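Going by the working numbering, the first residue of the sequence shown is number 4, and it counts up by one from there. Glycine is no exception: its CB is placed at the ideal position from the N, C-alpha and C atoms. In this text, all values refer to a predicted model and were calculated from it rather than measured experimentally. Since the structure comes first, as structure tokens, the remarks are kept for the end.
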Amino acid sequence: MAQLWGGRFTKETDKLVYNFNASISFDRKFYRQDIEGSKAHVKMLAKQKILTEEEKEQILQGLESILRDVENGTLQITEEYEDIHSFVEANLIDRIGDAGKKLHTGRSRNDQVALDMKLYTRDEIVEMDGLVKKLLDTLLKMMKEHIGTYMPGFTHLQKAQPITLAHHLGAYFEMFKRDRQRLKDIYHRMNYCPLGSGALAGTTYPLDREYTAELMGFDGPTWNSMDSVADRDYVIELLSALSTIMMHLSRFCEEIIIWNTNEYRFVEIDDAYSTGSSIMPQKKNPDIAELVRGKTGRVYGALTSILTTMKGLPLAYNKDMQEDKELTFDAIDTTKGCLALFTGMISTMKFRKDVMENSAKNGFTNATDAADYLVNHGVPFRDAHGIVGRLVLYCIDKNISLDDMSLEEYKAISPVFEDDIYEAISMKTCVEKRQTIGAPSEESMKKVIAINEAYLKEY
Ligand code: ARG
């Protein structure tokens, strides 16, 4: 058991206590960030003449050799160290001797871990953004292919009005676009460097915090040393953004699961993204969509957990905050996995255009347009609503759609109807007449697709 703080203690820590306290099993994940932070710290210490140039060189080389050996597998990060900070420092001292003992000058693990966590989440935000962008690329491509694929739009999960698949996918495009904006906002808000805040009250050494911040690509140093070591707002914001991404994926998965049922048959999920049943030979289950929907709960759990952990913490650092890591790592890995799999699943999914269009026709999604037809022929809307209601009842009784009624049947309910009613309630007309910004007509969709294409080129 290698501890950095043995001096004040007279007894060995109990093994159970040691294990309970240790974080190496999970904070090993940010060994790269820990070394990156140490390198910046040492460069600054030398610039400020707190370390000599020679000490700096020795430490930098030592840190780089540790990084290299961890990455090529010759140096294992083992449980004999309390945390990743102890691991790096102990190995540095082993390798370069006395100079290594100066690495921690003017630093506490409190500002060090605050830095590591920020560097780690910052890197992950960039990766996450790339995955959401890939999903957006895929969605845009699908939207272009399905401008003329008619389907029912739903409210209350009841068929409502005809839309196109491009329009439906476009709704998700907007959601995931906002998700990217959220990630970007968080990145900018969090991008201030806590290093140099010490345990809580800064240090007595003349540290140049602006310099370390700059070395690591931060927009500047944080402005209050207590806040620096006690702040996990960015973790909460990130978990909230991830929860929203998962919520969007989950809603989409729910729709895919419904569309994939025998009753709907709108889509066929590729074999590679489905599984069979051990007992029922006919089954092809949408497991991946279900798992993404299910894993959403885990990510929400992480958000609730960290909010609860933070709510009673007095300033400044408290060990409770060590709890931020496992759940954040898990939520990040889960969301990344779900994004990648989901993108693969939808890009290989087949849409049954004929089934989708028939479903729209047979669900009276054109009833509003039939009423609008009457309004255009001088019938007040409320009366038109009543007339079309009677048409719908008639069709339900005969088990036919509005398109299947003869003109005589139409006229029997209202003499206003003429031969052009069929054209007026065709799926094509219903969709193409909806030309307001954001509506499903080809013209409106093409405008939005062009805007979104330009957006993806720029960001
Ligand atoms: N493992 C700790 C954490 O994750 C590092 C900071 C330890 N600081 C301390 N004062 N014990 O929060």
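Closest by C-alpha distance to tyrosine 458, when choosing among Lys136, Tyr267, His170:
Ranking Lys136, Tyr267, His170 by Cα distance to tyrosine 458 puts Lys136 first.
Closest by C-alpha distance to alanine 216, when choosing among Met193, Ala233, Tyr276, Met408
Comparing Cα-Cα distances from alanine 216 to each of Met193, Ala233, Tyr276, Met408, the minimum goes to Met193.
Examine ligand 1 and report whether any of its heavy atoms sits within less than 8 Å of the Cβ of alanine 169.
For alanine 169, the shortest separation between its Cβ and any heavy atom of ligand 1 does not lie below 8 Å.
Lysine 298 classed as buried or exposed, judged by whether at least 16 other C-beta atoms fall within 10 angstroms
Around the beta carbon of lysine 298, 16 or more other beta carbons lie within 10 angstroms, which makes this residue buried.
With burial defined as no fewer than 16 other Cβ atoms inside 10 Å of the residue's Cβ, what is the status of asparagine 369: buried or exposed?
If you draw a 10 Å sphere on the C-beta of asparagine 369, you find 16 or more other C-beta atoms in it, and that means buried.
Cysteine 256 - partner residues in DSSP beta bridges:
According to DSSP, residue pairing for cysteine 256 in a beta bridge does not occur.
Can you find at least 3 beta carbon pairs, one from the region 136-149 and one from the region 209-225, that sit closer than 8 Å?
As far as the Cβ criterion goes, the region 136-149 does not touch the region 209-225, which means the pair count is below three.
Straight-line Cα distance separating methionine 249 from tryptophan 8:
Their Cα atoms are separated by approximately 41 Å.
By how many angstroms is the C-alpha of phenylalanine 12 removed from the C-alpha of isoleucine 80?
Those two C-alpha atoms are separated by around 25 Å.
Please tell me whether, using a cut-off of 8 Å, the distance from the CB of methionine 229 to the nearest non-hydrogen atom of ligand 1 is below it.
For ligand 1, not one heavy atom lies less than 8 Å from the Cβ of methionine 229.
Please determine whether the Cβ atom of aspartate 30 lies at a distance below 8 Å from any heavy atom of ligand 1.
Yes; taking the cut-off as 8 Å, the Cβ of aspartate 30 has a heavy atom of ligand 1 nearer than that.
What are the boundary residues of the beta strand (DSSP E) that includes phenylalanine 176?
Element bounds for phenylalanine 176: not the beta strand (DSSP E) but the alpha helix (DSSP H), 168-193.
Tell me, to the nearest whole angstrom, how far the beta carbon of isoleucine 309 is from that of methionine 348; I am working on the premise that it is less than 8 Å.
Not really, about 29 Å apart at Cβ, beyond 8 Å.
Please state whether the Cβ-Cβ distance between isoleucine 1 and serine 41 is less than 9 Å.
Any property of residue 1 remains undetermined from this structure, which presents the chain solely from 4 to 462.
Comparing alpha-carbon positions, which option in Val45, Glu92, Glu240, His171 lies nearest aspartate 327?
Check the Cα spacing between aspartate 327 and each of Val45, Glu92, Glu240, His171: the tightest is with Glu240.
Is lysine 162 helix, strand or coil when you go by DSSP?
Here lysine 162 sits in strand by DSSP.
Is asparagine 113 helix, strand or coil when you go by DSSP?
For asparagine 113, the secondary structure class from DSSP, reduced to helix, strand or coil, is helix.
Identify, in the order they occur along the chain, each residue of the same chain with its Cβ nearer than 7 Å to the Cβ of valine 358, setting aside the five sequence neighbours on each side.
If we look at valine 358 and ignore the five residues flanking it on each side, its Cβ neighbours are Arg268, Phe269.
Sort Asn75, Leu139, Val91, Leu134 by Cα distance to glutamate 456 and report the nearest one.
Of the candidates Asn75, Leu139, Val91, Leu134, the one whose C-alpha sits nearest the C-alpha of glutamate 456 is Leu139.
Does asparagine 22 come out as helix, strand or coil in the three-state DSSP assignment?
Per DSSP, reduced to three states, the secondary structure at asparagine 22 is helical.
I'd like to confirm the pairing. Which residues does DSSP put opposite tyrosine 153 in its beta bridges?
DSSP lists Thr167 as partners of tyrosine 153.
So, is valine 116 buried or exposed, given that buried needs 16 or more other C-beta atoms within 10 angstroms?
Label assigned to valine 116: buried.
Does ligand 1 have a heavy atom nearer than 8 Å to the CB of methionine 324?
For ligand 1, at least one heavy atom lies less than 8 Å from the Cβ of methionine 324.
Starting from the C-beta of glycine 366, find all residues in its chain whose C-beta is less than 6 Å away, skip the five residues before and the five after it, and write them out in chain order.
Here the set comprises Pro155, Lys162.
DSSP on glutamate 329, reduced to helix/strand/coil?
Glutamate 329 falls in the helix class under three-state DSSP.
Secondary structure of lysine 52, DSSP reduced to three states
DSSP places lysine 52 in coil when its eight states are reduced to three.
Report the three-state DSSP secondary structure of tyrosine 267 (helix, strand or coil).
Coil at tyrosine 267, not helix or strand.
How far does the alpha helix (DSSP H) with methionine 229 in it reach, from first residue to last?
Unbroken alpha helix (DSSP H) run through methionine 229: 228-233.
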